[in-house]
Every structure is written in C-alpha cells, then in structure tokens.
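Novice:
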Amino acid sequence: MPHDFPMTDPRLAALSQTLPGLRLLTDAADLEHYGRDWTRRWTPAPLAIALPASVEEVQAIVRWANDEGVAIVPSGGRTGLSGGAVAANGELVLSLQRMNKVLGFDAVDRLLTVQAGIALEAVHNAAKEHGLVYPVDFAARGSCSIGGNIATNAGGIRVIRYGNTREWVAGLKVVSGNGELLELNRGLVKNSSGYDLRHLMVASEGTLGIVVEATLKLTDPPPPTNVMLLALPSFDALMQVFAEVRSRLRLEAFEFFIDRALHHTTAHGAQNPFDEIHPYYVVAEFANQGEPDEAAVLAAFEHCVEQGWVSDGVISQSEAQAAQLWRLREGITESLAPHVPYKNDVSVRISAMPAFLAETHALLAGEYPQFDVVWFGHIGDGNLHINVLKPADMAQQDFVRECERVTKLLSGALLRHGGSISAEHGIGLVKKPYLSSTRSDAEIAAMRGIKQALDPNGILNPGKLFDP
Ligand code: FAD
Ligand code: MLT
Ligand code: ZN
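Anchor point for the sequence shown: position 218 equals 793 in our numbering, and the numbering is continuous, going up by one each time.
1) Using 8 Å as the cut-off, classify the Cβ of G731 as near or not near the heavy atoms of the ligand ZN, replying yes or no.
2) Just how far apart, CA to CA, sit E909 and R1023?
3) Using DSSP's beta-bridge definition, name the partner residues of G746.
4) Which of the three DSSP states is assigned to D681 in this structure?
5) Where do the N-terminal and C-terminal ends of the beta strand (DSSP E) with L690 fall, by residue?
6) Between N739 and the rest of its own chain, which residues show a CB-CB distance below 6 Å, the 5 nearest in sequence each way excluded?
7) Does the beta-carbon of L585 have 16 or more other beta-carbons within 10 angstroms, so that it is buried, or is it exposed?
8) Tell me, please, which residues DSSP counts as bridged to P649.
9) Measure the C-alpha to C-alpha separation of G883 and P808 and round it to an integer number of angstroms.
10) Quick one: measure Cβ to Cβ for V708 and V689, integer angstroms, because I've assumed they're closer than 8 Å.
11) Tell me which residues share the same chain as A930 and place their Cβ nearer than 7 Å to its Cβ, disregarding the 5 neighbours each side in the sequence.
12) Please confirm whether L1004 and I996 have their CB atoms less than 9 Å apart.
13) Where the beta carbon is closer than 5 Å to any heavy atom of the ligand MLT, which residues qualify, in chain order?
14) For the beta strand (DSSP E) containing L805, list its first residue and its last residue.
15) So what's D579 in DSSP terms, helix, strand or just coil?
16) The alpha helix (DSSP H) with F876 in it runs from where to where?
17) Looking at the secondary structure, which residues open and close the beta strand (DSSP E) in which E827 lies?
18) In the DSSP assignment, the beta strand (DSSP E) including K965 goes from what residue to what residue?
19) Touch check for the stretch 849-862 and the stretch 821-829: three-plus C-beta pairs under 8 Å?
20) Taking only runs that begin and end inside the stretch 748-773, name each unbroken beta strand (DSSP E) of 3 or more residues, in chain order.
21) If I follow the unbroken beta strand (DSSP E) through V948, where does it start and stop?
22) Looking only at its own chain, which residues have a Cβ that is under 8 Å from the Cβ of V948, when we skip the five neighbours before and after it?
23) Relative to the alpha-carbon of G722, which residue among V923, P1008, G644 and A697 has its alpha-carbon at the smallest distance?
24) So does the stretch 605-619 actually touch the stretch 635-642, counting three or more Cβ pairs closer than 8 Å?
25) Count the C-beta pairs between the stretch 918-933 and the stretch 786-800 that are closer than 8 Å, then say yes if the count reaches three, no if not.
26) Could you please give me the residues that DSSP links to Y528 through a beta bridge?
27) Whole-angstrom Cβ separation of W950 and F832, contact assumed at under 8 Å?
28) For F832, is the beta carbon positioned less than 8 Å from some heavy atom of the ligand ZN?
29) Please go through the same chain and pick out, in chain order, the residues whose beta-carbon is closer than 6 Å to the beta-carbon of G659, but skip the five residues on each side of it.
30) Report yes if the CB atom of S629 is closer than 9 Å to the CB atom of N675, and no otherwise.
31) If contacts are defined as beta-carbon pairs under 8 Å, then L791 and A745 qualify, I think. What distance do you get, rounded to the angstrom?
32) Would you report the Cα separation of G906 and E631, rounded to the nearest angstrom?
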C-alpha cells in the first residue's frame, strides 16, 4: 500500500512524486522502531522509512537521495550489535523488509538466489527443501536478514567448520551510491577478471552499496551430531580442552561461556544440567556416526578429566537435550539485553589466544572490579565476546564512558597480539574510535578511496565504520 498522507517535508514530497507507489512511513512509532538496532544506545531520529519492493525502486531512491543530499541507512533486521543500522541524524532508512523472496535454486550449481531482506532462517528452510544446508547460523536467525549478514560478514556458531558469511556468497546484485546496479561475480566458481567487488561488499556495513539480491552457496547436510556441555575449573584449561577435542573429533561447534553467562540464561529459563557451580563452560557439537566417534569422545573426555582440565560433562541423548544445552549458550545475548550491555567482539589468531586471554583477563579484572562482566564466544575461531553490564543505578553516559576507557586499553592489547576490534559484528558506530587498532592509516585511506569511487556523494550510511 503506497503512502496516502501528505508529505510535508519537500524532499519526501519529491520522493513520493518520483515513486508514487513507494511505501513510506513517517509515524513517530515507525521512526523509533526502524531507527535503532540492538545497541539501544542512540536516540532514533530518521527522516522517514522507505520500504521498496523492487530493485528499480531502490535505484530510484538512491538517485533521489543524491539529488536531495539525503543520507541513506540500509536496514535489514536491525539485530546488529554495533550501531550500523542506527539512523539518528535525519537519514532515510531504506528497509529491505519487503524484498524477502527466494528467487531461484540451481541444483547443478547448488546455488540459491534470494532477495536481500529474507531472514536467515528462511534461507535455512529453503535450502532444506532441496536437501541441502546454508551453514551460517546464530541465535538471531529468525529476524536478521541475509543483506545484513553480508554487510557485516556475520559469523556465528558454525564458523569453526564452515567459515563466515563471506565463504557462502557466490554472487551479489548491489545498488551503488550513484544508483547503478552492479552484478557481482554472477555465481561463478572461478573468476580472475580483476578486483572482486563482491568481496568488497562483504563487511562494508552499507557504506558502499545496497545489497538487493544474493546468490548463496549451499552444501551437504552435516552427519548426525551430539552436543556436549563441559565444566572447566580454570580459564587456562580452555585452549587445552579445545586442542584435545579438536584433535579427536569432527567439531561442528566449540563455544565457551563463564558462570555469569549461565547465571543470566538460567534466570531466563534455560536449564543447567549440573548441580554444582563451575567457573567456565564449553558447548561443543561433534559428528557422531557410531562406535568410533563415541569411543573418541569418551577418550577425549577422560583425558581432559585426568589432566584436570574438565571437572564435569554431559552429552545430549536426544535432539531435545541438544537444544537444551545449546540454549545455555544461544540464550546469552537475549538474557543480557535488559542490562544494555557494552559489547566487545574481538579476535586474535587461535594460536595467539592463550596469551591474549591471559593478558585480557588480568586487564579486565583490574579495570572492571565493580561491573558484572560476562565472557563468552566462539573461542574455536579466536573470537571472544566480552559483555559489560550496566548497573541499574548508573547513568548510561557514565557507563559508556568508563567502558570506552577500558576498550582503549583492550585495543592496545589487540594491537600487540595482531587481533581485530571486530570479529563478526562490524565497526558501525560502537567501534569506530578503535578502528586504527586493527587497520593501518594506509588501509583506512584506501577504504576511503573505495568509498569515494562507489559512493561519490557519500550518501550511503555516512559516519559508520569511519568518518567521512
Ligand atoms: P542490520 O542490523 O539491519 O544491519 C547491520 C548492518 O548491515 C548495518 O550497517 C546496515 O546498514 C547494513 N545492511 C543491512 N542490510 C543491508 C543491505 N541489504 N545492503 C547493505 N547493507 C545492509 N552476529 C554474528 O556475526 N554472530 C552471531 O553469533 C550473532 N549472534 C547474534 C545473536 C543475537 C540474539 C542478536 C540480536 C544478534 C546477533 N548477531 C550475531 C548480530 C547480528 O544479528 C548480525 O550482525 C546480523 O548479520 C545483522 O543482520 P541484520 O539484518 O539484523 O542487519
Ligand atoms: C553471540 O555469539 O552470541 C553473538 O555474536 C551475540 C553477542 O555477542 O551478543
Ligand atoms: Zn558471536
């Protein structure tokens, strides 16, 4: 249904004259809803929300934005955790929500083509209909979009086996900052014909183009799996358990969290199978194709217990039990959300993890004695999430200032260990001040040049990732 109310802002009047069928929202509740993501830190203040239904409408909106000098915030499910989809400065939010269809499947190429606004879970379901899987997966699957996943190079719980979103993108259709439609890579397996602009779009956070369609690789379903929950007595044991388990089993996931995470998820209804409290936990999913795998998991478990690295453990005996164990890990973000956490999402090489963990542990214990600090993450990928919870009686501004002070120290540790200030959530607004801990001045200058080439008037998500 197109808008049927008068557009008082002359820029919006011009837009609705150009595209009379375009759905535009300007109600206060819509501006608030579409202007924020999961960070909840910035006050939404977009000009309006556009909900295009076709590539042509997206192109026309981008041309209008160039003519009128209006910034555009590309918007998917707004489950982002770094402020990339926040519209707090009179931008037009361009939501891909209505462009959410499966466009085609090619059985020979094993490629699924979708519109960018489709939810990750809908892609999982579409792949399943063809007996295949799209293996990128994480807890926001029901509400995040493929366009957002591509724009952040989303990771999740199966990166250890399948890699990040980037690995699964075979082609993209993108509307650039001047409204041109770019068809990138077109599903080719091999293509050495110059710069791969498809990969430039991955993790570009809506600053180089608007992804309108994606052609995704699918793969065979994994073998049957089991899930185990391990309790660890010390932080030092973590990487040793990982090395041991990885050497004996085909791992599909290896995730870690501390007792404070378990405290919050169980308060939200997850069930703790252990009677005792342990300081650290691992959820691991591994292929179980019968006797040899069962023997291997037992041997790994016994070895870890003998070494004093593991104090207790359970293995799922059914899908329902596996889901219960996963809930302890996957429920963390939602259980922490009411505390408006300050999130660090850092990575180092796996080999650098033991030294980085030791340094970071000591640093944060000293700097955050007064806060509830929840550690968890995709430790098998070298990716650690540190969530600092705001005390109820502390003003948001003071809390953020304190966390930013400590993040500066953390970014120093990342620089020393060759890591990244954002492993999988993107830079957005949250991590913009720390980009230089991961990228050199020359790299940032090159990124600015690329932005200039694809978005000459700087209308796509300005102020995200780096300042103009
Ligand atoms: P949005 O939040 O809408 O946007 C994110 C960025 O992408 C913004 O910069 C936006 O401008 C840009 N963008 C969106 N759509 C487009 C498009 N079509 N074209 C160009 N740019 C676009 N992330 C992980 O990586 N791993 C996890 O394990 C994980 N777990 C999560 C669990 C929960 C409960 C929640 C709430 C979030 C989690 N996230 C995780 C973060 C988030 O879900 C991902 O970053 C996701 O990829 C964002 O998708 P989205 O559609 O919600 O994007
Ligand atoms: C996760 O691994 O659960 C996510 O990346 C979300 C988060 O960091 O909160
Ligand atoms: Zn994560």
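Beta carbons are placed, not taken as given, at the ideal position from N, Cα and C, and that holds for glycine.
Specialist: Straight from the coordinates:
1) Within the sequence shown, residue 731 is the residue found at index 156, counting from 1. Checking the Cβ of G731 against the ligand ZN gives yes.
2) Taking the first residue of the sequence shown as position 1, residue 909 is located at position 334. Taking the first residue of the sequence shown as position 1, residue 1023 is located at position 448. If I take the Cα positions, the gap works out to 35 Å.
3) Reading the sequence shown from its first residue, position 171 is the one you call residue 746. DSSP, once it has assigned bridges, lists T790 as partnering G746.
4) For this step, residue 681 is matched to residue 106 along the sequence shown. In this structure, D681 counts as strand in the three-state DSSP scheme.
5) Residue 690 sits at position 115 when you count from the first residue of the sequence shown. For clarity, residue 690 is Gln in the given sequence; the question names Leu instead. Counting along the chain, the beta strand (DSSP E) containing Q690 begins and ends at L686 to Q690.
6) Taking the sequence shown and counting its residues from 1, the one referred to as residue 739 is at position 164. Excluding residues within five positions, the ones whose Cβ falls inside 6 Å are N728 and G730.
7) Start at 1 with the first residue of the sequence shown, and residue 585 comes out as number 10. In the sequence under discussion, the amino acid at residue 585 is Pro, which differs from the Leu named in the question. Under this definition P585 is an exposed residue.
8) Within the sequence shown, the letter at position 74 stands for residue 649. Its beta-bridge partners are L669.
9) Position 308 of the sequence shown, counting from 1, holds the residue named residue 883. Position 233 of the sequence shown, counting from 1, holds the residue named residue 808. Going from the Cα of G883 to the Cα of P808 covers about 8 Å.
10) Stepping through the sequence shown from its first residue, residue 708 is reached at position 133. Stepping through the sequence shown from its first residue, residue 689 is reached at position 114. At roughly 15 Å, the Cβ-Cβ gap does not stay under 8 Å, so V708 and V689 are not in contact.
11) The sequence position of residue 930 within the sequence shown is 355, counting from 1. Here the set comprises H992.
12) Here residue 1004 is taken as the residue at index 429 of the sequence shown, counted from 1. Here residue 996 is taken as the residue at index 421 of the sequence shown, counted from 1. No.
13) T908 and H960
14) Position 230 of the sequence shown, counted from the start, is the residue given in the question as residue 805. From DSSP, the beta strand (DSSP E) with L805 extends over T800 to L807.
15) Taking the first residue of the sequence shown as position 1, residue 579 is located at position 4. Any reading at D579 needs caution, since the residue's pLDDT is 48, under 50, leaving its predicted position unreliable; the model's value is listed next. It is coil, neither helix nor strand.
16) Within the sequence shown, numbered from 1, the residue matching residue 876 stands at position 301. E866 to E881 is the extent of the alpha helix (DSSP H) around F876.
17) Taking the first residue of the sequence shown as 1, we reach residue 827 at position 252. It spans L826 to I833 - the beta strand (DSSP E) in which E827 sits, taken as one unbroken run.
18) Against the sequence shown, residue 965 aligns to sequence position 390. Note, K965: premise wrong, no beta strand (DSSP E); not H, not E.
19) yes
20) 756-759
21) By one-based count along the sequence shown, residue 948 stands at place 373. Where V948 is concerned, the enclosing beta strand (DSSP E) stretches over D947 to H953.
22) Residue numbering aside, residue 948 sits at position 373 when the sequence shown is read from its first letter. Here the set comprises R835, L939, I961, N962, V963 and L964.
23) Counting from one through the sequence shown, the residue named residue 722 turns up at place 147. The residue with the shortest Cα to Cα distance from G722 is A697.
24) no
25) no
26) Here the chain has residues from 576 to 1043 only, and residue 528 is not among them.
27) Counting from one through the sequence shown, the residue named residue 950 turns up at place 375. Counting from one through the sequence shown, the residue named residue 832 turns up at place 257. That belief holds up - the Cβ atoms of W950 and F832 are roughly 7 Å apart, short of 8 Å.
28) Your numbering for residue 832 matches position 257 in the sequence shown. No, the Cβ of F832 stays beyond 8 Å of every heavy atom of the ligand ZN.
29) Here residue 659 is taken as the residue at index 84 of the sequence shown, counted from 1. Answer for G659: E780, G1001, G1003 and K1039, listed in chain order.
30) Position 54 of the sequence shown, counting from 1, holds the residue named residue 629. Position 100 of the sequence shown, counting from 1, holds the residue named residue 675. No. Outside cutoff.
31) Looking up residue 791 in the sequence shown gives position 216. Looking up residue 745 in the sequence shown gives position 170. Between A745 and L791 the Cβ distance is about 7 Å, and since that is below 8 Å, they are a contact.
32) Here the question's residue 906 lines up with position 331 in the sequence shown. Here the question's residue 631 lines up with position 56 in the sequence shown. Whole-angstrom Cα-Cα distance: 39 Å.
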